[in-house]
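Asks: Just dropping this structure here.
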Amino acid sequence: MKSKPQPVYRKDYQPSAYLIHTTELSFDLSEVGTTVTSKIDFYQNPQLISPASKLFLDGVELELISILVNGIEPNYKVSKEGLMLRDLPKNFILEIQNKIHPEVNTSLNGLYQSSGNFCTQCEAHGFRQITYYLDRPDVLSIFTTHITADHDKYPILLSNGNLISQSNGKVTWHDPSLKPCYLFALVAGDFAVLEDTYTTMSGKEVVLKIFVQAHNIDKTQFAMDALKKSFKWDEERFDLEYDLDIYMIVAVDDFNMGAMENKGLNIFNSTCVLANTKTATDEDFIRVESIIGHEYFHNWTGNRVTCRDWFQLSLKEGLTVFRDQEFTADLHARSIKRIEDVSELRTHQFAEDAGPMSHPVRPESYIEMNNFYTMTVYEKGAEVIRMIHTFLGEEGFQKGMKLYFQRFDGQAVTIDDFVASMSDANDFDFTQFTHWYTQSGTPEIHISTHYNNGTYVTTVTQEDNYFLPLAFALLDKSGNELKAGVLTIKDKEQNFVFKNLTAEPTPSWFRGFSAPVKLTDDLTFEQKIFLVKHDKDSFSQWDNAQQLWQTLILTPGKIDESLFFDAIEFTVKNIKDKSLVCELLTLPSERVLHNAQTVIDVFDIHNKRERVIEKIRTRFKALFFDLYQSLNTSQAYELTPEAVGQRALKNICLFYLSEDSDIAYAQFQSANCMSDKFAAFKVLTDTDNTYREQVLADFYLAFKDDTQVMDKFFTAQSASSICDIKTIKTLMRHELFSFNTPNRLRSVVGTFAQNYTNFHNQDGYQFFTDIILKLNTSNPQIGARLVAVYNHWKRYTPALKALQKQQLEKILNAKNLSKDIFEIVQNALK
1 MKSKPQPVYR KDYQPSAYLI HTTELSFDLS EVGTTVTSKI DFYQNPQLIS
51 PASKLFLDGV ELELISILVN GIEPNYKVSK EGLMLRDLPK NFILEIQNKI
101 HPEVNTSLNG LYQSSGNFCT QCEAHGFRQI TYYLDRPDVL SIFTTHITAD
151 HDKYPILLSN GNLISQSNGK VTWHDPSLKP CYLFALVAGD FAVLEDTYTT
201 MSGKEVVLKI FVQAHNIDKT QFAMDALKKS FKWDEERFDL EYDLDIYMIV
251 AVDDFNMGAM ENKGLNIFNS TCVLANTKTA TDEDFIRVES IIGHEYFHNW
301 TGNRVTCRDW FQLSLKEGLT VFRDQEFTAD LHARSIKRIE DVSELRTHQF
351 AEDAGPMSHP VRPESYIEMN NFYTMTVYEK GAEVIRMIHT FLGEEGFQKG
401 MKLYFQRFDG QAVTIDDFVA SMSDANDFDF TQFTHWYTQS GTPEIHISTH
451 YNNGTYVTTV TQEDNYFLPL AFALLDKSGN ELKAGVLTIK DKEQNFVFKN
501 LTAEPTPSWF RGFSAPVKLT DDLTFEQKIF LVKHDKDSFS QWDNAQQLWQ
551 TLILTPGKID ESLFFDAIEF TVKNIKDKSL VCELLTLPSE RVLHNAQTVI
601 DVFDIHNKRE RVIEKIRTRF KALFFDLYQS LNTSQAYELT PEAVGQRALK
651 NICLFYLSED SDIAYAQFQS ANCMSDKFAA FKVLTDTDNT YREQVLADFY
701 LAFKDDTQVM DKFFTAQSAS SICDIKTIKT LMRHELFSFN TPNRLRSVVG
751 TFAQNYTNFH NQDGYQFFTD IILKLNTSNP QIGARLVAVY NHWKRYTPAL
801 KALQKQQLEK ILNAKNLSKD IFEIVQNALK
């Protein structure tokens, strides 16, 4: 009987018996095998009471050539997971030479090749696929890296830190910063480079370089501008300055994640770097800017201060997501950014909380760490940081950040250390608040109110004792704020009394989504409509509109449809923020509607939502046509909030006018930016119409040489209402489809899995399971991400539930199932 992968528990953490002064690595790169030589200066951990004389080094799929300890062959034993050394002295130099094969490494972890270039991905456990090492985040070292390669094929040779020496085919890089091995990076290849400089607030000039394939160099200026904005913003908002002489970004097409913050050498998925007006939508531009910022901000929140162990992942990721959210909000439309972030959280993270992979922001165990790069760790982690910020205010939060860096710069620490810094800097007791880090699931809050003779009593109840901020306002009949502020919630039941009110107010609860909770309240239909029309908090306007749309879709007849539509018309005509109007006109997605149901009936939900869309089209056809015409003007492209809002509102009007394909085709032909062209393309590819085949051919001809735009080309077809398994299989035979390129696989297979009415059937499931099993041997990390589609199988209608269970059992019974996929499937079946 084969043994099952075993979990790792946070409670079992032990410091390393040995630590590392310096690490010297030498790479001899070759197209058939690469030789890695390491020279590592070890010393016994002085904080351990009982000195050790043995040490286990992680190492996977390595060919050991030689090993020496202080120049002598040691007592050692090689296993599948690594190397055990025995009879070790207190201090020693370990020299190892081993061979690896990047040319056949499809997992995209460790050292691998992408489009003929070498690159690395070491977080979380990729470094052990390069050489034997203490592959854990709490072991920090100074790294020196030598790279040798064929200069004609690989003229660019990069690693972390500062360039020490360079000659044809050989370079040496030295990183003076202490870092764990997960932040190591190496890149070798033939790249074009965009170069610039930034002068920091202390007057230091930093060289900035972005390396891309030559044909993409015209899509790098926006990323460079975003990088300089990131430097400036972090100095102005957080008083944090960059520390090396050079900062480099490399864009590669084959990458499992979005990007990686390796010290001084960020490696990016190309879709998160490359952007110009011909190829990128507004959403793409803002996403590129955000991710550029995110990886740069990691220089302090992740690199200078890193995680003690991987259970503390949100220490760096939750904090840095909060920072990148604030970066985008400061640069663009804060209100819209908040709506978008909350929408994403509710759609995906709330579902994660309610599913088999539910876990706290700080997990207690894992089988495969890659499975815990989740919405809970990142986005919910950011919401927890945001609540700390709400309690302390900007000034108090910055005091906490300064103390955090004073205490822990150059160290690997825990979430508790961060919270203690915030607490100590502000004399604020966060003891009860840490429940957010240890408890899984989404808290449910209920608010009831009672008004009598000028006194308004609010009762807040919860099942647990979460400590959270409740931002609120009480509005008069004109929408003016009578009372506003932040209530501190910490008990299972609390009453708040507001006196001297001349009439019953309309309350606006959890403004700005001040805590990541599910709220039920006693607001009437009329009060929600009032808030949609008159609340000064954009999030509250959108949130109440979403609730009303959801009720209208799922329980038709429960609310006055005509009165709600009148309110929507009012917002279209009276709210100046066009981006907000667009958000108010956007219905809850089918995924959101699934989350709201105990039993998911895919087809019933789809049909109900489509019926409401048809009602909107009927009721507002003339209004949307006139609005579209007024917005469809020829202007030079700008990424201002006003211009972005105008395009967003125009394109949602286009969606609701899609039965007239002539309008969409005219926009497709005349569009001067990808936002407008792709909006029209999606409308025209979604259904059978006169122009569908023509726009598919035209779009392909115009952009076939652009990898990122071709991902859009595949995505639109996979999401189409007329797409089926036959279509998907045809797309996978397309000359530009690549199974081993994660972006392209996600654009076809990943998108189709969200095409609910066409995916959820026996053929769809069997096809999808075959893909998962193929990924099990080639790229299990991507396979695990995709197989999570089955996580909520128990909530589907009986027939689909049975079919999904069969697929999960088939996967679980497969031979040599990876830890990545095993963990997801096992939890789903529990």
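As numbered in full-length UniProt numbering, residues 1 to 830 make up the sequence shown, in order. Where a beta carbon is used, it is the ideal one built from N, C-alpha and C, also for glycine.
1) What's the call for L186, buried or exposed, on a 16-neighbour Cβ count within 10 Å?
2) Shortest alpha-carbon distance to N75 belongs to which of L88, I65 and G82?
3) Do you know offhand how far D243's Cα is from D820's?
4) Terminal residues of the continuous alpha helix (DSSP H) containing H534?
5) Apart from the five residues just before and just after R362, which ones in its own chain have a Cβ nearer than 7 Å to its Cβ?
6) From E24, S661, D41 and S721, pick the residue whose C-alpha is nearest to that of N607; which is it?
7) Once you ignore the five residues that flank Q121 on each side, which residues in its own chain have a CB closer than 8 Å to its CB?
8) With respect to the alpha helix (DSSP H) encompassing W549, which residues constitute its N-terminal and C-terminal limits?
9) For the beta strand (DSSP E) containing Y18, list its first residue and its last residue.
10) Measuring alpha carbon to alpha carbon, tell me which of F822, K801 and S440 ends up nearest N776.
11) Count Cβ pairs between the region 469 to 486 and the region 421 to 434 that sit closer than 8 Å; are there 3 or more?
12) How far does the alpha helix (DSSP H) with S562 in it reach, from first residue to last?
13) Whole angstroms are fine: how far does the CA of Y691 sit from the CA of Y665?
14) Residues bridged to A251 by DSSP?
15) According to DSSP, simplified to helix, strand and coil, what is Q806?
16) Within this structure, are the beta carbons of Y182 and F231 separated by less than 7 Å?
17) If you follow the beta strand (DSSP E) that K219 is in, where does it begin and where does it stop?
18) Identify the continuous beta strand (DSSP E) that holds S630 and give its terminal residues.
19) Spatial neighbours of M1 within its chain, please: CB distance less than 8 Å, with the 5 preceding and 5 following residues excluded, ordered by chain position.
20) May I ask you to report which of helix, strand or coil DSSP gives F428?
21) Could you check whether the region 557 to 575 touches the region 610 to 626, counting it as contact only if at least three pairs of C-beta atoms, one from each stretch, sit closer than 8 Å?
22) For residue 835, is the classification buried or exposed, using 16 other Cβ atoms within 10 angstroms of its Cβ as the cut-off for buried?
23) For P102, which residues of its own chain have a beta-carbon under 7 Å away from its beta-carbon, when the five flanking residues on both sides are left out?
24) Of the choices P180, L178, A188 and K179, whose alpha-carbon is the least far from that of V171?
25) Alpha carbon to alpha carbon, what distance is there between C272 and K80?
26) Less than 8 Å between the CB atoms is what I'm expecting for D409 and P137, so what's the real figure, rounded?
27) To which residues of the same chain is T757 closer than 7 Å at the C-beta, ignoring the five residues directly before and after it?
28) Could you check whether H450 and V457 sit closer than 7 Å to each other, using their CB atoms as the reference points?
29) Using CA atoms only, rank isn't needed, just tell me which of T374, I130, N162 and E809 is closest to G318.
30) Report buried or exposed for R733, applying the criterion of at least 16 other Cβ atoms within 10 angstroms of its Cβ.
31) Is DSSP giving M1 helix, strand or coil here?
32) I need the boundaries of the beta strand (DSSP E) containing Y198, first residue and last residue.
33) Roughly how many angstroms lie between the CA atoms of R386 and S514, to the nearest whole one?
34) Assign D409 to one of three DSSP states: helix, strand, or coil.
35) Distance, Cα to Cα, S30 vs H151?
36) Report all residues from its chain with a CB closer than 6 Å to the CB of T442; omit the five preceding and five following residues, and keep chain order.
Replies: According to the structure shown:
1) Label assigned to L186: buried.
2) Taking only the C-alpha atoms, the option nearest N75 is L88.
3) Rounded to whole angstroms, D243 and D820 show a C-alpha spacing of 36 Å.
4) For H534, the enclosing alpha helix (DSSP H) covers residues F525 to H534.
5) The residues are F311, Q312, S314, I415, Y437 and T438.
6) Measuring from the Cα of N607, the nearest candidate turns out to be S721.
7) Same-chain partners within the cutoff: L108, N109, G110, Y112, F255, N256, M257, M260 and I267.
8) S538 to L554 is the span of the alpha helix (DSSP H), which, as asked, contains W549.
9) Run containing Y18: Y18 to D28, per the beta strand (DSSP E) assignment.
10) The option with the nearest alpha carbon to N776 is F822.
11) Segments in contact, no.
12) Element bounds for S562: E561 to N574.
13) Counting only the Cα atoms, Y691 lies some 7 Å from Y665.
14) BP columns for A251 point to F268.
15) Assigned with DSSP and collapsed to three states, Q806 falls in helix.
16) No, these two residues do not count as a Cβ contact at 7 Å.
17) Note, K219: premise wrong, no beta strand (DSSP E); not H, not E.
18) Where S630 is concerned, there is no enclosing beta strand (DSSP E), although the alpha helix (DSSP H) it sits in stretches over V602 to L631.
19) Any answer about M1 is weak, because its pLDDT of 48 lies below 50 and its placement is not dependable; what the coordinates show is given next. Nothing meets the Cβ criterion.
20) F428 falls in the coil class under three-state DSSP.
21) Three or more beta-carbon pairs drawn from the region 557 to 575 and the region 610 to 626 are found closer than 8 Å, and the two stretches are therefore classed as touching.
22) Because residue 835 is not part of the residues shown, which for the chain are 1 to 830, the question remains open.
23) Around P102, the same chain offers T34, L111, Y112, Q113 and F118 as residues with beta carbons nearer than 7 Å, after the five sequence neighbours per side are excluded.
24) Minimum Cα distance to V171 is reached at A188.
25) Each residue's CA atom was taken as its position, placing K80 and C272 some 35 Å apart.
26) With a Cβ gap of about 16 Å, D409 and P137 do not count as contacting.
27) Hits under 7 Å: V602, F603 and H606.
28) Going by C-beta atoms, V457 is nearer than 7 Å to H450.
29) Considering only alpha carbons, the answer is T374.
30) Burial call: exposed.
31) Note that M1 has pLDDT 48, beneath the 50 cutoff, so the model's placement of it is unreliable and the number below is only indicative. DSSP places M1 in coil when its eight states are reduced to three.
32) Boundaries of the beta strand (DSSP E) around Y198: A192 to T199.
33) Cα to Cα, the separation comes out at about 8 Å.
34) Shown here, D409 sits in coil according to DSSP, grouped into three states, outside any helix or strand.
35) When rounded, the distance between both Cα atoms is 11 Å.
36) Within its own chain, the residues whose Cβ lies closer than 6 Å to the Cβ of T442, once the five positions on either side in sequence are excluded, are F350, D353 and K518, listed in chain order.
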